[in-house]
Structures are given as structure tokens and as C-alpha cells.
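S.K.: If you scroll down you'll find the structure; I have some questions about it.
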Amino acid sequence: MAILAAVASISVPNFLSSSISGHRQNRRPMGIAMASLGGKAASLGLEIVEGDGGLPKVCLSSENGSKTEIYLFGGCVTSWKVPSGRDLLFVRPDAVFNGKKPVSGGIPHCFPQFGPGPMQQHGFARNMNWSVANSDEIEGSPNVTLELKDDSYSHSMWDFCFQALYKVVLHSKSLSTYLTITNTDKKPFSFSSALHTYFHASAADASVKGLKGCKTLNKDPDPSNPLEGKEEREVITFPGFVDCIYLGAPKELQLNNGLGDIINIQNKNWSDAVLWNPHLQMESCYKDFVCVENAQIGKVQLEPEQSWVAEQHLSIS
Ligand SMILES: O=P(O)(O)OC[C@H]1O[C@@H](O)[C@H](O)[C@@H](O)[C@@H]1O
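Using UniProt numbering, read the sequence shown as starting at 1 and increasing by one per residue.
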């Protein structure tokens with residue numbers, strides 16, 4: 001009840017009230033519950049507040065000063081601030097927060113299709129409302145688990161029952177995500193997916209290491225007819241339009257964002273990677289970000305009750 005009372009004060013949309021009431025027991029009471037206790041606000045690890053466009057967002061804060069924000073709409077992480085206060089993620093200036101269009105920036109989900117394909121580009125998970133399934137805090141590192149389930153909207157594009165759980169864990173110098181897709185249907189299904197991470201960068205000075213030797217599907221110059229090739233470079237830069245899939249990517253990449261940060265991008269079970277910078281197609285902002293995406297381009301097939309789990313760990317030293 002304390003949770004609902006605190007949340008109600010920010011005029012939460014109906015869907016959030018129901019998602020909060022479904023919030024399971026925390027190991028340690030955090031965030032909203034503590035907010036209702038008044039003076040303890042400084043020790044909050046998790047809050048749910050009204051974000052842009054009135055959309056609810058989960059804010060996690062670690063004891064060391066790192067912070068992250070996750071919109072329930074799209075289950076989209078839009079901010080990851082390290083203790084210095086710098087935000088290592090980027091939200092495009094043309095991003096809209098209207099609960100209809102996907103948020104353009106941060107870490108949008110591509111599911112159940114990376115695309116292109118029969119449904120809308122990057123699938124529907126990034127423009128559906130996720131709910132809060134659980135939250136916890138372990139040794140000063142808060143986490144939240146969001147959940148997405150099929151509904152009539154998803155069935156109109158992809159006629160399967162599924163559950164997606166997305167756990168986001170904030171440490172002082174790292175941000176980890178765990179995505180679990182479960183087939184809750186009576187028939188098998190297959191999907192592709194990605195975490196379409198937008199990193200704040202000086203694109204002209206940014207570079208990525210770790211992809212040498214990978215097989216590539218290069219969408220430059222023709223996105224509808226990707227060219228097969230092999231990456232020969234140790235250090236990949238962004239001198240112009242870049243849109244390339246790397247098949248069989250390694251478990252660790254390094255992004256130099258050109259702004260003074262080296263970001264390690266580790267993963268488990270994301271088989272592929274994608275680099276993207278739209279260059280002059282997005283004249284107002286292409287200089288300020290690069291996308292380095294952990295992806296699953298080849299389709300994963302799940303039988304009923306089977307799950308697939310993939311992890312992404314972003315860290316600075
Ligand atoms: O949907 P968004 O955020 O504008 O991103 C689109 C881009 O996403 C990238 O992942 C694809 O490789 C590009 O081909 C595509 O243009």
C-alpha cells in the first residue's frame with residue numbers, strides 16, 4: 001500500500017498502478033516504499049517517477065553515485081551516469097516520449113525481430129509497456145526486473161505467447177542487463193533480437209576494437225542488399241555512414257567514445273554485434289553518438305517452456 005500511495009502522488013497512468021501492485025516482495029525495501037518514510041530519501045536505491053511525456057521511469061542509484069533510468073515504455077534504459085556524473089548513453093534530440101513511438105536512444109530492445117522482416121523494424125518490444133516484476137539491492141547495487149508479456153497488440157504481429165524478463169543491475173562503474181525470453185505458448189517459436197545501445201560519443205573520434213576477423217553483412221551502400229565480407233581492421237572508426245552486422249562477434253568489445261571514456265562491452269550469449277551511425281541521414285545529431293549493439297541475428301528457436309538468456313555488461317575501468 002505504501003508503494004501505491006507514493007506512486008499515486010505523481011499521477012501514474014493506470015497501467016503502472018497495476019504493474020506496481022504486481023511488484024513482488026523485495027529482499028530489502030527500497031525506492032518508493034522508502035520514499036513514503038520521509039527522511040530516508042537520501043538512501044533510495046530505486047524510485048519510480050514521472051519522466052518525459054508523463055511516462056513512468058524507474059531510477060536506480062548506487063551508493064557510489066552512479067545512476068540509471070529505465071522507461072517502462074519499451075523497457076528502455078535511457079541514461080547511465082557514472083559516478084563523475086557523465087552520462088555514457090545518448091538519447092536523440094528527435095526522441096519522442098508519447099507512449100506510442102519507440103524512444104530513440106538509450107538501450108532500446110529489438111524483439112522479436114531485429115529486422116528488416118515481416119513486422120515493423122526492430123519488432124514491438126520497444127513500443128509496449130513493460131511492468132515492474134521485482135526489485136532488490138545487493139551490497140549497494142540496486143536492480144530492477146521488468147516484464148513484458150504478449151497481448152492482443154503483439155499477437156496482431158506475432159501470434160505467440162511469451163514472457164520477456166529484463167533485469168537491470170547498477171554497480172558503481174558498470175551496468176548489467178539480463179534478458180530472458182520464455183516460450184509460454186503451446187507451439188514453438190523463433191525470434192531475433194538486439195540491444196540497440198546508443199552511446200554518447202564524438203563520432204569522428206570514436207572507435208571500436210574486438211571485431212577483427214568477424215564475418216560481416218555490410219548495409220553500406222545498400223541496406224536492402226547487405227554485402228558479405230570479413231572485418232580486417234583492429235580498430236573500426238566512424239568516418240561516415242556505418243551500418244554493419246558482425247556475425248559471431250566475441251564476448252568482449254571496447255568502445256573508445258572519443259570523449260575520454262573506454263567502455264568495455266561484454267556479453268554472454270549475444271552471438272552477433274551491430275555498428276551503426278547514420279551520418280548525414282541524421283544531420284542534427286550523428287556527431288554525438290555511435291550505436292554498438294549486442295545482437296542475435298540468427299534466429300533462436302524455443303520450444304514451449306524453453307527459455308533463452310543473454311547478458312550485456314557495460315563497464316568503465
Ligand atoms: O530504429 P532506430 O533507432 O532509428 O535505428 C535504426 C537503425 O538500427 C540499426 O540497428 C540498423 O542496423 C539500421 O539499419 C537501422 O537504420
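Idealized CB from N, CA, C, for every residue including glycine.
All of these numbers come straight from a predicted model, not from anything done at the bench.
Can you find the residues in the same chain that come closer than 7 Å, C-beta to C-beta, to residue 243, ignoring five residues on each side of it along the sequence?
M.R.: If you number the sequence shown from 1, residue 243 lands on position 243. Counting only Cβ-Cβ distances below 7 Å, and skipping sequence neighbours, we find 219, 220, 223, 276.
S.K.: For the putative contact between residue 189 and residue 302, defined by C-beta atoms under 8 Å, what is the C-beta separation to the nearest angstrom?
M.R.: Locating residue 189 in the sequence shown gives position 189, counting from the first residue. Locating residue 302 in the sequence shown gives position 302, counting from the first residue. With 8 Å as the limit, residue 189 and residue 302 qualify as a contact, their Cβ atoms being about 6 Å apart.
S.K.: Under the criterion of a Cβ to heavy atom distance below 6 Å, does residue 243 qualify as lining ligand 1?
M.R.: Within the sequence shown, residue 243 is the residue found at index 243, counting from 1. The answer is yes for residue 243.
S.K.: Note the first and the last residue of the continuous alpha helix (DSSP H) segment covering residue 154.
M.R.: The sequence position of residue 154 within the sequence shown is 154, counting from 1. 152-157 is the span of the alpha helix (DSSP H), which, as asked, contains residue 154.
S.K.: First and last residue of the beta strand (DSSP E) that includes residue 56?
M.R.: Locating residue 56 in the sequence shown gives position 56, counting from the first residue. Note, residue 56: beta strand (DSSP E), 56-61.
S.K.: In angstroms with no decimal places, state the Cα-to-Cα distance between residue 214 and residue 270.
M.R.: In the sequence shown, residue 214 corresponds to position 214, counting from 1. In the sequence shown, residue 270 corresponds to position 270, counting from 1. Cα-Cα distance, rounded: 14 Å.
S.K.: With distances taken Cα to Cα, identify the nearest neighbour of residue 227 among 235, 237, 233, 216.
M.R.: For the purposes of this step, residue 227 is taken as residue 227 along the sequence shown, with counting starting at 1. Per the Cα distances, 216.
S.K.: Quick check: what's the CA-CA separation for residue 151 versus residue 120?
M.R.: If you number the sequence shown from 1, residue 151 lands on position 151. If you number the sequence shown from 1, residue 120 lands on position 120. Between residue 151 and residue 120, the C-alpha separation is close to 16 Å.
S.K.: Does ligand 1 have even one heavy atom less than 6 Å from the beta-carbon of residue 274?
M.R.: In the sequence shown, counting from the first residue as 1, residue 274 sits at position 274. Yes - ligand 1 has a heavy atom lying nearer than 6 Å to the Cβ of residue 274.
S.K.: Just how far apart, CA to CA, sit residue 10 and residue 106?
M.R.: Here residue 10 refers to the residue found at position 10 of the sequence shown. Here residue 106 refers to the residue found at position 106 of the sequence shown. Unreliable placement is indicated for residue 10, whose pLDDT of 29 sits below 50; no coordinate value is reported for it.
S.K.: What is the rounded straight-line gap between the Cα of residue 262 and the Cα of residue 305?
M.R.: In the sequence shown, counting from the first residue as 1, residue 262 sits at position 262. In the sequence shown, counting from the first residue as 1, residue 305 sits at position 305. The alpha-carbon atoms of residue 262 and residue 305 are separated by roughly 39 Å.
S.K.: Using only alpha-carbon positions, find the residue among 308, 149, 135, 256 that is nearest to residue 292.
M.R.: By one-based count along the sequence shown, residue 292 stands at place 292. Selected option, being the one with the closest Cα: 256.
S.K.: Does residue 294 pass the burial test, meaning 16 or more other C-beta atoms within 10 Å, or should it be called exposed?
M.R.: As a working note, residue 294 is residue 294 in the sequence shown. Taking every protein chain shown into account, the CB of residue 294 has 16 or more other CB atoms within 10 angstroms, so this residue is buried.
S.K.: At what residue ranges does the stretch 54-121 contain a whole run of the beta strand (DSSP E), taking only runs of 3 or more?
M.R.: 56-61, 67-71, 76-81
S.K.: Could you name the residues that DSSP lists as bridge partners for residue 288?
M.R.: Here residue 288 corresponds to residue number 288 of the sequence shown, with the count starting at 1. Looking at the DSSP assignment, residue 288 forms no beta bridge with any residue, so it has no partner.
S.K.: Helix, strand or coil: how does DSSP classify residue 267 here?
M.R.: On the sequence shown, position 267 is the one that residue 267 refers to. Three-state DSSP puts residue 267 in a strand.
S.K.: Helix, strand or coil for residue 211? Go by DSSP, reduced to three states.
M.R.: For the purposes of this step, residue 211 is taken as the residue at position 211 of the sequence shown. Here residue 211 sits in coil by DSSP.
S.K.: Can at least three beta-carbon pairs, one atom from the stretch 198-212 and one from the stretch 179-189, be found at a separation below 8 Å?
M.R.: no
S.K.: Please indicate yes or no: does the CB of residue 104 lie closer than 6 Å to some heavy atom of ligand 1?
M.R.: Taking the sequence shown and counting its residues from 1, the one referred to as residue 104 is at position 104. Checking the Cβ of residue 104 against ligand 1 gives yes.
S.K.: What is the residue span of the beta strand (DSSP E) that residue 259 lies within?
M.R.: Taking the first residue of the sequence shown as 1, we reach residue 259 at position 259. Where residue 259 is concerned, there is no enclosing beta strand (DSSP E), given that its DSSP letter is neither H nor E.
S.K.: So, is residue 157 buried or exposed, given that buried needs 16 or more other C-beta atoms within 10 angstroms?
M.R.: As a position in the sequence shown, residue 157 is number 157, starting the count at 1. By the neighbour-count rule (16 or more Cβ atoms within 10 Å), residue 157 is not buried but exposed.
S.K.: The beta strand (DSSP E) that contains residue 312, what's its start and end?
M.R.: For this step, residue 312 is matched to residue 312 along the sequence shown. Segment 307-316, the beta strand (DSSP E) holding residue 312.
S.K.: Is residue 303 helix, strand or coil when you go by DSSP?
M.R.: Position 303 of the sequence shown holds residue 303. Coil, per DSSP.
S.K.: Taking 6 Å as the cut-off, does the CB of residue 196 come closer than this to any heavy atom belonging to ligand 1?
M.R.: What you label residue 196 is simply residue 196 of the sequence shown in a count that begins at 1. Flag set: Cβ of residue 196 near ligand 1.
S.K.: Does the pairing of the stretch 161-171 with the stretch 81-101 give three or more beta-carbon distances under 8 Å?
M.R.: Taking a contact to require three or more Cβ pairs closer than 8 Å, the stretch 161-171 and the stretch 81-101 do not qualify as touching.
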